[in-house]
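This note's numbering applies: residue -14 is where the sequence shown begins, and numbers increase by one.
By construction, the Cβ of each residue, glycine as well, lies at the ideal position given by its N, Cα and C atoms.
Values in this document were obtained by computation on a predicted structure and should not be read as measured data.
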Amino acid sequence: MSVTHNYWPLVLENLKEKVSSSTFKAFFSRVEFVSTSNQGRKIVLAVPSAFNRNFIEKKYKQDFKNSIQAYYPSVIHVEYEIHQDQEALPIPSPSQQLLDNIEEQEKTAPINFQEVTQPTLLSSYLPKKTLNNLNPKYTFENFVVTRNNELAVNVAHSVIRQPGTLYNPVFLYGKVGLGKTHLLQAIGQKMLEERPSINIKYIPAETFANQYILAVQKRETTQFREYYRTVDLLLIDDIQFISGKEATQEAFFYTFNELHQQNKQIIITSDRPPKQQAAIEERLISRFEWGMVVDIHPPSLEDRIAIIKDKALRFGLPLDDKQILQIASKVETNVREMEGVLNRVKAIYNLSGRTEIGQQELDKTLSGLTSAAVNLNLNVKYQNPESIILAVSRVMGVPKAEIMGKSRLQDVAMARQIAMWFMKYELNLSFPAIGKVLGGKDHSTILHGCQKIETCRINQIKVQQQIELVKQILNQ
Ligand code: ADP
Ligand code: MG
């Protein structure tokens, strides 16, 4: 399996945080991705000179490797090729003065990196899965099929049986918290099971847009296009995020056409139907309507009962029928909200040490919920960036001020990135908003942090555990 180099700019971004800017400029900015092989275990890079390679190997071997592994988690061996570009201007070797400067900077600002544990290589398909961005928690097995979503589920199964030709694209829309992301990812997991060799890519449209910005900055739009051109199943979540972003729409239009022509399946989700997309080019909207447009409705009372029953069983909550009805009547809008209520009930139940759910406590939990408080999010506590920072601080033992600060120490950076990830995926904050909360970090730092945790939480058991602990505190 070969891994394409869409992630290379992110590796360099990651490294930028570890080395001084002059070091970066002199020794890393011209390092280019060549290939990966041996199931992603070996990466070949191009450097402009032997001197450049030796410098990296001598001084930054481990830091560089860590940055590479953050995005190419199965890489064990790094190999260099010397590419002297004849047409380009001769690359000056860094002057002695520059080298002295670098040495000096590093003396005055020592960067202390602890060894990062190598990502555990669980099996050879993992790197591929990692790059898919599929979250194993979203499967068909735990997706409750009810009246409100059965059409969408049927379309999903048809597409899995006959990808690329029957309905292409599939455009799935519905209000927030109704299971679009869950269903989209379940399709990806199922396809992966049935056709392990195909190239699947789940990507939130916002991430696609951000990646494209990086590609433009790095002058790698050709590589960017090439990367998406080789996808067999493209799962684009929340397409409304490309509204108003013309360059991204252009890139998406290209990708769409390329894939569609090759009969590669495309599935798109959104919070609204194609016609109601604001600030998205007409030619894209008409393409969204080419295949099958299907929606997920808000669940009826009966649907909600079915979902709560299923979830209560999975949560290990002994709710009786009356209590299930009580919750289903109270929580009307979306499934995420139901999970929020069940989480609260579970927390109280676990504390009580009893074998049944106390009616009084349930009444109290439900009466305390205003629709606005549970709308959108699992838990009131989750709605608060402050509580996330405090929970991360407690779990990781890193003071809040450091999380908000600029320290690049490994543990501090990790804590900061986990906090970013929670704000992104649990609070749905935008990258700039997260940057602001964390004391004025820029957009690309947040993007990179969130992507890093997305990878680590699949590969690194330690990170998984840390995230779980933070969740537990937030759910208390
Ligand atoms: P959307 O993408 O439409 O906003 P999600 O897919 O994120 O919604 O769903 C919100 C939460 O509700 C997720 O945790 C998901 O697992 C759960 N969920 C939604 N629909 C269902 C369903 N039919 N069965 C089980 N869980 C569901
Ligand atoms: Mg979603």
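Short Cβ contact (8 Å threshold) for A376 with T131: no
Collapsed DSSP secondary structure at V155 in the structure displayed: strand
At least three beta-carbon pairs within less than 8 Å, the segment 276 to 290 to the segment 149 to 162: yes
Test item: CB-CB of I495 and D217 under 8 Å: Residue 495 is absent from the model: the chain starts at -14 and stops at 461.
Cα-Cα separation between A141 and G301, rounded to whole angstroms: 29 Å
Residue list, Cβ distance to the ligand ADP heavy atoms smaller than 5 Å: F128, V129, V161, G162, L163, G164, K165, T166, H167, V320, R321
DSSP bridge partner residues for F18 (one or two, in chain order): L30
Nonlocal neighbours in the same chain, by C-beta distance under 8 Å from V320, ignoring five residues either side: G162, L163, G164, P284, I292
Same chain, Cβ closer than 6 Å to I446, five either side skipped, listed in chain order: none
Contact under 8 Å by Cβ, Q395 with L347: no
Spatial distance of R289 from V201 (CA atoms): 45 Å
Sequence-distant residues of its chain with Cβ nearer than 6 Å to I253 (five each side left out): P154, F156, I221, I224
First through last residue of the beta strand (DSSP E) which encompasses L327: Unbroken run through L327 is the alpha helix (DSSP H), 320 to 337; no beta strand (DSSP E).
Inside the segment 117 to 199 only - alpha helix (DSSP H) runs reaching at least 4 residues: 135 to 146, 165 to 179
Beta-ladder partner(s) of M277, from DSSP: V155
Beta-carbon separation (whole angstroms), L327 vs K296, contact threshold 8 Å: 6 Å
Given 8 Å, three or more beta-carbon pairs between the segment 36 to 50 and the segment 424 to 444: no
DSSP three-state assignment for T93, whether helix, strand or coil: With a pLDDT of 40 at T93, under the threshold of 50, the predicted position of this residue should be treated as unreliable, though the coordinate-derived value follows. In this structure, T93 counts as helix in the three-state DSSP scheme.
Beta-carbon proximity of P(-6) to L199, cut-off 8 Å: yes
For E66, the three-state DSSP class (helix, strand or coil): strand
Separation of R393 from K426, as counted between CA atoms: 13 Å
Start-to-end residues for the beta strand (DSSP E) that takes in D305: Neither: D305 is in no beta strand (DSSP E) and is coded neither H nor E.
For Q450: DSSP bridge partner residues: According to DSSP, which records beta bridges pairwise, Q450 is partnered with nothing at all.
Buried or exposed (CB count within 10 angstroms, at least 16 for buried), T93: The predicted position of T93 is uncertain, since its pLDDT is 40 and thus under 50; a value taken from the coordinates is nonetheless stated next. So T93 ends up on the exposed side.
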